Structure formats: structure tokens, C-alpha cells
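K.L.:
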Amino acid sequence: VHCDSTDDGTMVPALVTASQDVASAYMDGGEEDVFSCPMPDALQCWIEAFIARHGEPEIALGKGRRRQRGKKQKDADDHG
């Protein structure tokens, strides 16, 4: 959860993400307020089902190379 501060110092949730990459990008500067919280079970089940069906997104490695996270990468490693 990324929070913004109001003029009186109250923390207000501004962004909720399940992405570690997004959360770490906000934390890298050191000036952003980022907090963890438990994910509701129903949302976790939905995300797991979505990833099982569609796979995880590719991660750019630079110079046109891409790496696939998750099962698809493991399968490629096992057969390559």
C-alpha cells in the first residue's frame, strides 16, 4: 500500500499493488511511504488462477532479451 500525506499529516492510501516490482520502485527513493498488509484470500485465489491460466509477464533483461517467470520458464529450462 502506497500512501500520500495530507496537509495535516494524515496518511491516505493512494495505491494498492500485489507487484513487488512496483512496491520496491516506490521504496527506492526513500521518500515514499509504503506499507505491507495481508491480501484477502479471495483476491489471492483470483490472482493465482489468473497466473495459472495466462502465465506471468515477461521481464525485460536488456538488449532485446526477455526472461519468463514461473512455470513456463521452468518448462523451457527442463526441455532446453
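FYI, the numbering for the sequence shown is -17 to 62, going by the working numbering. From the three backbone atoms N, C-alpha and C, an ideal C-beta is built for every residue, glycine too. It should be emphasised that the depicted structure is a prediction, and the values quoted were computed from it without experimental measurement.
1. What residue does the alpha helix (DSSP H) around Asp23 start on, and which one ends it?
2. Secondary structure at Ala65, three-state DSSP: helix, strand or coil?
3. DSSP on Asp(-11), reduced to helix/strand/coil?
4. Can you give the Cα-Cα distance for Gly37 and Cys27, rounded to whole angstroms?
5. Helix or strand or just coil, what does DSSP make of Val(-17)?
6. For His(-16) versus Ala0, is the C-beta spacing smaller than 8 Å?
7. Closer than 7 Å by C-beta to Ile29: which residues in its own chain qualify, once you throw out the five before and the five after it? Chain order, please.
P.N.:
Concretely, from the data shown:
1. Taking the first residue of the sequence shown as position 1, residue 23 is located at position 41. Unbroken alpha helix (DSSP H) run through Asp23: 23 to 36.
2. The shown model of the chain, from -17 to 62, leaves out residue 65, and the question about it has no answer.
3. Stepping through the sequence shown from its first residue, residue -11 is reached at position 7. Correct three-state label for Asp(-11): coil.
4. For the purposes of this step, residue 37 is taken as the residue at position 55 of the sequence shown. For the purposes of this step, residue 27 is taken as the residue at position 45 of the sequence shown. Just so you know, the alpha carbons of Gly37 and Cys27 end up roughly 15 Å apart.
5. Taking the sequence shown and counting its residues from 1, one reaches residue -17 at position 1. Correct three-state label for Val(-17): coil.
6. Position 2 of the sequence shown, counted from the first residue, corresponds to residue -16. Position 18 of the sequence shown, counted from the first residue, corresponds to residue 0. The answer is no: Cβ separation not under 8 Å.
7. Numbered from its first residue, the sequence shown carries residue 29 at position 47. Excluding sequence neighbours, Ile29 sits near Ala0.
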